[in-house]
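So in full-length UniProt numbering the end of the sequence shown lands on 392, straight run, no missing numbers. Built from N, CA and C at the ideal position, the CB exists for glycine as well. Inspection log for the structure reproduced underneath, given as structure tokens.
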Amino acid sequence: MPEHHDARRPLIWLVALIPIALALIFWWWLSNEQAPERGREASPVAVGLAEVIERPFSATLGAVGDVEATDSVEIASLVTERITELHFDSGERVKRGDLLIQLDDRAEQQGLRAARVIVEQEQRELDRLKPLVRQGSIATQQIDAQRNRLESARIEAARLTAALEDRIITAPVSGLMGLNNLSVGEQISADTPLVTLDSIDRVQVDFSLPERELQRVKEGMAVTARSVAWPDRLFHGEVTTIDPRLDRDTRTVMVRARFDNPGLALRPGMLLEIALLLPARRRLIVPEGAIMGERDRQWVFVITSEADHYRAHRVDINVLERGPGWAAIDAGSDPERLQPGDSVAISGLRAIGEDRTLTLDETAARDTSTLFEQARQTTADEYAPDSEMPTP
């Protein structure tokens, strides 16, 4: 049988070789494309360095609160009566016991005079009857009745004396009077507020703190306060009371602080920005530019020397406090990874990788100690209290 020749066989081989050739071409192209990338990844990154320093650091807890008078009273009358005299002006400073308002007491004065006459008469009658009882001239019941009449007269006199006192309104505490909207001759009603009286030589401020801060707050701790009314002044006080109960809804605790108020600059109702000064702790300080972050994570790159080159190691951190150009940090659960004297990168951060070789950029280096001290001094000057206080 003659041999049959298949004309399609070379075509089949050609089709089979095409994918192999394409794969070889793609491999050659990919190798040439990635070679520059590998070269670029291997090229050194220039970074500026700053030293990690450790300093005593007094952190603060911030809050806001309203000024309240140490003693705040709404003056009211116990009786409904007409005003006959006013003895204070709006905003006047008064002392405890000073006469403020005199009400019409003519009827009570007359009644008291008559009651005192009756007391004297009943007393004389009792004195007259006592010898007669001893002599047996009158019955004991008669002198007992006279004693009852004398006691009734004394009770009436005491009632009228109290009624007179109710018509004299005096200052229950020392302080500043509120606005006077009263007039002589005006009829006032019992238990109706007439004017305010605030004792503000010392004031108090209540403010809330989160539950997690409760363990850090102690009675006697120093606090400072600022007000938009006196932006250049810093007011000093101390924590006097920590509420034993927390708010169930907000999980916050109320704290009360008292402030000296020379010049009466702080007035009830003012809003204050409160800073509670926590005990000093030693903290690691770095320039703020050394910190990188993403979502809820933050880190720095610690730079180490290895033979003839430098390497970067990422260290996750917690930022505890920030200031002008600096930040107080710690290394969280692994504090040994970050120590005073370590060097951190402050420039070229986005190009740094764990496997990148680094070179030092001396022009970008920063002295953390100088940066921190200058920033703290600027802050201290800005918040220095003014010795001059306003007068009321």
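Original post:
Is T224 buried or exposed, if buried means 16 or more other CB atoms sit within 10 Å of its CB?
Top reply: Burial call: buried.
Original post:
Quick one: any contact between the segment 54 to 73 and the segment 123 to 139, if contact means 3 or more CB pairs under 8 Å?
Top reply: Result no; under three Cβ-Cβ pairs closer than 8 Å.
**OP:** Over the uninterrupted beta strand (DSSP E) stretch that includes N318, give me the two end residues.
**Re:** Here the beta strand (DSSP E) through N318 covers H309 to G323.
Original post:
Looking at the unbroken alpha helix (DSSP H) that takes in L164, where does it start and where does it end?
Top reply: It spans T140 to D166 - the alpha helix (DSSP H) in which L164 sits, taken as one unbroken run.
Original post:
CB-CB under 7 Å to F207, same chain, minus the five flanking residues each way: which ones, in chain order?
Top reply: The beta carbon of F207 sits closer than 7 Å to those of A63, V64, G65, V255 and I274, all from its chain and outside the five residues before and after it, given in chain order.
Original post:
Given R55, which residues of its chain have a CB within under 6 Å of its CB, disregarding the five upstream and five downstream residues?
Top reply: Sequence-distant Cβ neighbours of R55 in its own chain, meaning closer than 6 Å and more than five residues away, are I285.
Original post:
With 8 Å set as the bound, which would you pick, yes or no: does the beta-carbon of L126 sit closer than that to a beta-carbon of chain D?
Top reply: Given the protein chain composition of this structure (a single chain), no chain D is represented.
Original post:
Is it buried or exposed for S189, if we count other Cβ within 10 angstroms and need 16 for buried?
Top reply: Exposed, since its Cβ has fewer than 16 Cβ neighbours within 10 Å.
Original post:
Thinking C-beta only, is T84 closer than 8 Å to V195?
Top reply: A distance of 8 Å or more separates the beta carbons of V195 and T84.
Original post:
By DSSP, does I18 sit in helix, in strand, or in coil?
Top reply: In the displayed model, I18 falls within a helix according to three-state DSSP.
Original post:
Short check: CB of A280 to CB of F57, under 8 Å?
Top reply: Yes; because the gap between Cβ atoms is below 8 Å, this pair is in contact.
Subject >> C-alpha distance - I75 paired with I200, whole-angstrom precision >> reply: Their backbone Cα atoms lie some 16 Å apart in a straight line.
Original post:
Is it buried or exposed for A114, if we count other Cβ within 10 angstroms and need 16 for buried?
Top reply: Exposed, since its Cβ has fewer than 16 Cβ neighbours within 10 Å.
Subject >> Own chain, CB closer than 7 Å to L371, minus 5 neighbours either side, in chain order >> reply: Excluding residues within five positions, the ones whose Cβ falls inside 7 Å are P287, G325 and W326.
Subject >> A139 versus Q146: straight-line alpha-carbon distance, rounded >> reply: Rounded to the nearest angstrom, the two C-alpha atoms are 12 Å apart.
Subject >> Cross-strand partners of G175 (DSSP beta bridge) >> reply: Residue pairing by DSSP puts G175 in a beta bridge opposite V94.
Subject >> Three-state class that DSSP yields for D127 in the structure shown >> reply: It is helical.
Subject >> Assigned exposure category for D191 - 16 Cβ within 10 Å defines buried >> reply: Exposed: under 16 other Cβ atoms inside 10 Å.
Original post:
Among residues of its own chain, excluding the 5 on either side of residue 393, which ones have a beta-carbon nearer than 6 Å to its beta-carbon?
Top reply: Residue 393 is absent from the model: the chain starts at 1 and stops at 392.
Original post:
Is the Cβ-Cβ distance between H309 and T357 less than 8 Å?
Top reply: Yes, the pair counts as a contact, with Cβ atoms nearer than the cut-off.
Original post:
With I317 and I329 assumed to form a contact (beta carbons below 8 Å), what rounded beta-carbon distance in angstroms separates them?
Top reply: Yes, I317 and I329 are in contact; Cβ-Cβ is about 5 Å, under 8 Å.
**OP:** Could you pull out every residue in the same chain whose Cβ sits closer than 8 Å to the Cβ of N180, ignoring the five residues on either side in sequence?
**Re:** Its chain contains L86, F88, D89, S90 and V195 as the residues whose beta carbon lies nearer than 8 Å to that of N180, once the 5 sequence neighbours on both sides are disregarded; these appear in chain order.
Subject >> Whole-angstrom distance between W299 and A312, CA atom to CA atom >> reply: Each residue's alpha carbon lies about 12 Å from the other.
Original post:
Whose CA, out of G263, S347 and D232, lies closest to the CA of A46?
Top reply: Looking from the CA of A46, the closest CA among G263, S347 and D232 belongs to S347.
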